[in-house]
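Start counting the sequence shown at 1; every next residue gets the next number (UniProt numbering). Each residue gets a CB set at the ideal place from its N, CA and C atoms; glycine is no exception.
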Amino acid sequence: MGSTALNVRTFSKADDPVAAEECCLTIGKGFASEPNNEFFCPDPALFEGRWRAIAHNSLLRSPDTPLLHSLPSGDLEHAAVAFAYSYPEQKTPDDAPEPPGVIDLSGTGRPETVPARDEMLKFLGDKKTEFYQRRGPFEYIAFLATRPELWGRGLGSRLLRHLTDRADAGGRWAYLEATNPANARLYARHGFREIETKVWTLDALPGQRMMLILMERPPATR
1 MGSTALNVRT FSKADDPVAA EECCLTIGKG FASEPNNEFF CPDPALFEGR WRAIAHNSLL
61 RSPDTPLLHS LPSGDLEHAA VAFAYSYPEQ KTPDDAPEPP GVIDLSGTGR PETVPARDEM
121 LKFLGDKKTE FYQRRGPFEY IAFLATRPEL WGRGLGSRLL RHLTDRADAG GRWAYLEATN
181 PANARLYARH GFREIETKVW TLDALPGQRM MLILMERPPA TR
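Shown next, in the form of structure tokens:
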């Protein structure tokens, strides 16, 4: 069924599959200009579709988890979207079988970056485990994006405030990975602070890099 607060709708893929795919579209459009894209894919025309598929696959692996949070604007029901959930309670088990319908992205990426991608995915998982051991159960923000034509209107900030308010209400830390310094500055304005920055490079791709800025936010005292 999902829930709604301050115009933010929270629901799962199972609650509304059509709306879930619209959220994936917003993720695709919002991340199409992400600086890390060219490291993994040489064709800018594929960036939006790749991110839409990544979002789609994430929801297939957690169809019943209410991890979708969307904010409307005008005629757009899902103008800003976040994928966020409680860790570890809502985390998909590492040994869960691959669900049917997963989109194969192998044909759209650079083969030489596959080892770096696998290292990055392991790094992401290990760091969340470390954070849980250090801070206890927390709220994890996996993706947050706004439709590009609506950038600059504060929609992403409103959605982020909704998510941090949820964390504060539960007395929980929040955790995310920013992908560039500009995003990190936005998160810092909402109380996040940098834990560490990790950069991957390849000799075969001079001038290209993959960056992750790990950030944490303590629960606000009331």
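L124 carries a helical assignment under DSSP once its states are collapsed to helix, strand and coil.
The three-state reading of DSSP puts P115 in helix, counting H, G and I together. Contact between A182 and I141 does not hold, since their C-beta atoms are separated by about 16 Å, which reaches or exceeds 8 Å. The closest CA to that of L176, considering only L160, R117, H78, is found on L160.
When secondary structure is reduced to three states using DSSP, I103 falls in the coil class, being assigned neither helix nor strand. Ranked by Cα distance from K13, the first of W200, H69, C41 is H69. The three-state secondary structure of A142, taken from DSSP, is strand.
Assigned with DSSP and collapsed to three states, T179 falls in coil, not helix or strand.
DSSP, reduced to helix, strand and coil, places F192 outside both helices and strands of the structure shown, so it counts as coil. N36 places its beta carbon less than 8 Å from that of M210. One alpha carbon belongs to P44, the other to A32, and they sit about 8 Å apart. Counted as a single uninterrupted DSSP element, the beta strand (DSSP E) harbouring E216 occupies residues 210-217. The alpha-carbon separation between D95 and W51 amounts to approximately 24 Å.
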